[in-house]
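In what follows, a single structure is set out as structure tokens and then discussed.
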């Protein structure tokens, strides 16, 4: 893969800086983001509080007060900008970054999939075909946002791209697997939500008692596999 | 050696400066809404700036002191009373065991901060004591304080001696907080999508008054003002947002993201309020109006630097006065 030099850097408030590779969901742009994210994670730059990778951008949140005190007479933003530019130049995009591969069991039983029938009918597919299309690809976790542990994954097979529901549900149960456009995702917590719900996983995507509270990390690769309702209930008990 | 909530408030939570290092997982920083007030409340009782405080909204809790403690309130003025007698804000106050703290009415501001000498003990989740209400972690069992909850100081430290009769004793100095909450327009820097506003919308942004709507909470303040038009025709893919980000919603109105904001968003970011003005905004209530003005990133940094020096000076003065006072007792 070749490095795309086309990026822009801009302030995201007076205490954060964003680098973006454009307004499109592409694997190439996200690979740039993840490579830079991993590079910066390893370097631990003084004053950096958070690194937030998104589809095609990375945002660095910093402790502005601490950095002002440490660098009197300098504009912190300008310093961060040049550090970011330097980092982009240093990131070796050719190197293979190892992603975690995670398989997630999903039960597509209609009792757990309130939108599956309608979605299949919309695309003139059988329910089995939808399940087959949803479980076939290896998805990429492009980013995590919206809720703690909510992974935006893509890309869904074109034949089952489906727009969000026009009126969001007030409560989607934790573990629900949904589709929104070309994205798929799993609700980590009970929450309101507008994605088309096609199944549920018995796994806990988010658990405050775990050292790593989130099952999925940005950059992970995910494969779904279909399980029966009985298996779902067995796994849920674990 | 605790305080006990004898009547719950509408939303009282334990908070610190927030939970950083986890936004890549969608875990937002949270923390106090008004960092200035938190620092002042802590400074008044001799604490480091970032130790946990109780953030209280109105109507606030009623609290029984089960031990004599040195405490302070800063931020909003909810006309605090101890056993019915007026308790001043922005001053260290030694409260005797058995006394009850209650609040009369909302005189000024939106959030008051209760600090105790030594800091409040609370659950630590991912290196912060802040209450994360969505995932129910940190602070007091991840939730707002409720009746019969007890809060303990991390350690009971020396306080000014009370004379035998008094229920509480006000230490003889006050933090001058006025300079940190000077009324005026709230200052913003341009957001990445600022230039997608029509020329008329840009003009409107800086010449209009915006009012904080009732749909405002710790996640964000929805504003009511003249509609703002963007020329943006494509949808934006999600990108990070920060505290103070001004997003333009599809209904052509603005929202300012506050402490419990989501980590990412897809609405146009027309601007970002500067860090130095967030305390002032955090003390505004539904119905309060304000206007916006534009500064550069460089100016935003300079303003914050000056504010920080003033705060540092105030903290030093508070520490000095308290040390002198405790030596004298």
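Protein chains in written order, with our numbering: chain A, 732 to 969; chain B, 28 to 356. Here a beta-carbon is modelled for each residue, glycine too, at the ideal position from N, C-alpha and C. As the structure is a prediction and not an experimental result, all values here were calculated from the model.
> Based on Cα-Cα distance, which residue from 800(A), 738(A) and 823(A) lies nearest to residue 790(A)?
Replying inline: The shortest Cα separation from residue 790(A) among 800(A), 738(A) and 823(A) belongs to 738(A).
> Applying a beta-carbon distance threshold of less than 7 Å, which residues of chain B neighbour residue 838(A)?
Replying inline: Within chain B, not a single residue places a beta-carbon under 7 Å from that of residue 838(A); the smallest gap is close to 24 Å.
> Should the segment 230-245 of chain B be regarded as contacting the segment 295-313 of chain B, the criterion being three or more beta carbon pairs within less than 8 Å?
Replying inline: In short, these stretches touch, since the Cβ pair count reaches three.
> Taking residue 91(B) as the reference, which of 74(B), 122(B) and 66(B) has the closest Cα?
Replying inline: Nearest C-alpha to residue 91(B): 122(B).
>> I'd like the list of long-range same chain contacts for residue 101(B), defined as Cβ closer than 8 Å, with 5 residues on each side in sequence excluded.
In response: Within the same chain, Cβ atoms closer than 8 Å to the Cβ of residue 101(B) are found at 64, 65, 67, 68, 71, 116, 117, 139, 140, 142, 202 and 204, the five residues on either side in sequence being excluded.
>> What residue range does the beta strand (DSSP E) around residue 41(B) cover?
In response: Bounds of the beta strand (DSSP E) holding residue 41(B) are 39-42.
>> Considering only DSSP beta bridges, list what residue 130(B) is partnered with.
In response: Looking at the DSSP output, residue 130(B) sits in a beta bridge with 107(B).
>> Does residue 40(B) pass the burial test, meaning 16 or more other C-beta atoms within 10 Å, or should it be called exposed?
In response: By the neighbour-count rule (16 or more Cβ atoms within 10 Å), residue 40(B) is buried.
> What residues match up with residue 90(B) in a beta bridge as DSSP calls it?
Replying inline: Per DSSP, the beta bridge partners of residue 90(B) are 32(B) and 128(B).
> Residues of chain A with CB under 9 Å from residue 212(B), in chain order?
Replying inline: Per Cβ cutoff of 9 Å: no residues; residue 212(B) is ~16 Å from chain A at best.
> Roughly how many whole angstroms lie between the Cα atoms of residue 732(A) and residue 763(A)?
Replying inline: Bear in mind that a pLDDT of 43 at residue 732(A), under 50, signals an unreliable position, so the number given afterwards is only what the model happens to contain. Roughly 10 Å between the two C-alpha positions.
>> Along the segment 261-284 of chain B, where does the CB come closer than 9 Å to a CB of chain A? Name the residues.
In response: Those residues of the segment 261-284 of chain B that come within reach of chain A (Cβ to Cβ, closer than 9 Å) are 261, 262, 263, 264, 265, 266, 267, 268, 269, 270, 271 and 272.
> Going by other Cβ atoms of all chains shown within 10 Å of its Cβ, with 16 needed for buried, is residue 874(A) buried or exposed?
Replying inline: Residue 874(A) comes out buried.
>> Once DSSP output is grouped into helix, strand and coil, what is the label at residue 206(B)?
In response: Secondary structure of residue 206(B) (DSSP, three-state): helix.
> Between residue 733(A) and chain B, is there a C-beta pair that is closer than 9 Å?
Replying inline: Caution applies to residue 733(A), whose pLDDT of 45 falls short of 50 and renders its modelled position unreliable; the model cannot decide the point.
> Where residue 79(B) and residue 114(B) are concerned, what is the direct C-alpha to C-alpha distance, given to the nearest angstrom?
Replying inline: For residue 79(B) and residue 114(B), the distance between alpha carbons rounds to 22 Å.
>> According to DSSP, simplified to helix, strand and coil, what is residue 732(A)?
In response: At residue 732(A) the pLDDT is 43, less than 50, meaning the model places this residue with poor confidence; the figure from the coordinates comes in the next sentence. DSSP places residue 732(A) in coil when its eight states are reduced to three.
> What beta strand (DSSP E) runs, 3 residues minimum, are completely inside the segment 246-273 of chain B?
Replying inline: Fully enclosed beta strand (DSSP E) runs of 3 or longer: 247-251.
> Is the distance from the Cβ of residue 889(A) to the Cβ of residue 913(A) below 9 Å?
Replying inline: Less than 9 Å divides the Cβ of residue 889(A) from the Cβ of residue 913(A).
>> Just to confirm the assignment, what range does the alpha helix (DSSP H) spanning residue 76(B) have?
In response: Residue 76(B): not part of any alpha helix (DSSP H); DSSP gives it neither H nor E.
> For residue 166(B), which beta-bridge partners are listed by DSSP?
Replying inline: DSSP lists 150(B) as partners of residue 166(B).
> Any contact of the segment 839-849 of chain A with the segment 934-947 of chain A, i.e. 3+ C-beta pairs under 8 Å?
Replying inline: Output reads no: the segment 934-947 of chain A does not touch the segment 839-849 of chain A.
> What separation, rounded to the nearest whole angstrom, lies between the Cα atoms of residue 792(A) and residue 965(A)?
Replying inline: So the alpha carbons of these two residues sit roughly 42 Å apart.
>> Checking 9 Å against the spacing of the C-beta atoms, do residue 835(A) and residue 955(A) come in under that value?
In response: Yes. Within cutoff.
>> Relative to the C-alpha of residue 297(B), which candidate in 256(B), 234(B) and 355(B) has its C-alpha closest?
In response: When 256(B), 234(B) and 355(B) are compared, the shortest CA-CA separation from residue 297(B) is found for 256(B).
> Across which residues does DSSP place residue 119(B) in a beta bridge pair?
Replying inline: According to DSSP, residue 119(B) bridges with 99(B).
> Between the C-alpha atoms of residue 50(B) and residue 155(B), what's the straight-line distance to the nearest angstrom?
Replying inline: Each residue's Cα considered, the two are about 13 Å apart.
> Looking at chain B, which residues of the segment 735-749 of chain A have a Cβ within less than 9 Å of any of its Cβ atoms?
Replying inline: For the segment 735-749 of chain A, the set of residues with a beta-carbon nearer than 9 Å to any beta-carbon of chain B comprises 739, 741, 742, 743, 744, 745, 746, 747 and 749, in chain order.
> What do you get for residue 233(B), buried or exposed, if any count of 16 or more other CB atoms within 10 angstroms of its CB means buried?
Replying inline: When all chains shown are included, residue 233(B) counts as exposed.
>> Looking at the secondary structure, which residues open and close the alpha helix (DSSP H) in which residue 212(B) lies?
In response: Per DSSP, residue 212(B) belongs to no alpha helix (DSSP H) and is neither H nor E.
> Does the beta carbon of residue 306(B) come closer than 9 Å to any beta carbon on chain A?
Replying inline: With 9 Å as the cut-off, residue 306(B) does not count as an interface residue toward chain A.
>> Please identify the residue among 773(A), 805(A), 781(A) and 786(A) whose C-alpha is closest to the C-alpha of residue 751(A).
In response: Out of 773(A), 805(A), 781(A) and 786(A), 786(A) has the C-alpha closest to the C-alpha of residue 751(A).
> Which of the residues in the segment 867-880 of chain A, read from start to end, lie with their CB under 8 Å from any CB of chain B?
Replying inline: For chain B, the residues of the segment 867-880 of chain A that bring a beta carbon within less than 8 Å of one of its beta carbons are 874, 875, 876, 877, 878, 879 and 880, in chain order.
> If you draw a straight line from the alpha carbon of residue 45(B) to that of residue 253(B), how long is it in whole angstroms?
Replying inline: Distance from the CA of residue 45(B) to the CA of residue 253(B), rounded to the nearest whole angstrom, comes to 34 Å.
> So which residues on chain A does residue 53(B) lean against when the C-beta distance must stay under 7 Å?
Replying inline: Those within 7 Å of residue 53(B) in chain A are 875, 876, 877, 878, 879, 880 and 881.
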